[in-house]
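Below: the structure, in C-alpha cells.
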Amino acid sequence: MQNLAEQLENARAEVARLERIAATATCREMGCDMQHAGGMNCGCDQGSCSVPVYVCTRCGDSDYGDNQEALDKRTACERWTEGDL
Numbered sequence: 004m005q006n007l008a009e010q011l012e013n014a015r016a017e018v019a020r021l022e023r024i025a026a027t028a029t030c031r032e033m034g035c036d037m038q039h040a041g042g043m044n045c046g047c048d049q050g051s052c053s054v055p056v057y058v059c060t061r062c063g064d065s066d067y068g069d070n071q072e073a074l075d076k077r078t079a080c081e082r083w084t085e086g087d088l
C-alpha cells in the first residue's frame with residue numbers, strides 16, 4: 004500500500020501528463036474555447052437589435068450567432084414584436 008506522499012506524487016505526475024496532452028489537443032478532444040467576437044443582426048423586422056457571435060480562440064470556428072444567448076434574444080424580440088411584452 005502506498006503512503007500519502009507517494010499517492011500525491013503519482014497524482015501530480017498524472018496531472019502533468021494530462022496537461023501535456025491538453026496543451027496539444029484539438030478542439031474535437033477538448034471542446035472549443037469560444038470568446039465573444041461581436042454581433043450580427045437579429046433578423047427582426049425592425050433590424051435594430053443584435054445577437055452575439057462567438058469564435059474559438061484555438062481553431063477559429065465561429066458559431067455565426069447560433070448560441071443560447073442569441074436564441075433567447077430572438078425569442079424576446081419576437082415576443083416584443085407580437086406585443087406580448
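Take the position in the sequence shown, starting the count at 1, then add 3; the result is the number in the working numbering. Built from N, CA and C at the ideal position, the CB exists for glycine as well.
Extent of the continuous alpha helix (DSSP H) to which residue i belongs
i	result
A26	7 to 26
C30	30 to 33
Endpoints, the beta strand (DSSP E) within which residue i is located
i	result
M4	Careful: M4 lies outside any beta strand (DSSP E) and carries neither H nor E.
G42	37 to 44
Straight-line gap, residue i to residue j (C-alpha atoms, nearest Å)
i	j	result
T78	E32	32 angstroms
L11	Q38	35 angstroms
C59	Q5	42 angstroms
T27	V18	15 angstroms
A25	A16	14 angstroms
For residue i, three-class secondary structure by DSSP
i	result
Q3	The requested residue 3 does not occur in the structure, where the chain is confined to residues 4 to 88.
C59	strand
Sub-8 angstroms separation of residue i and residue j beta-carbons
i	j	result
R61	C30	yes
D66	V54	no
D69	C35	no
Margin query: Does the structure place the region 36 to 55 close enough to the region 64 to 76 that three or more beta carbon pairs sit under 8 angstroms?
Written below: yes
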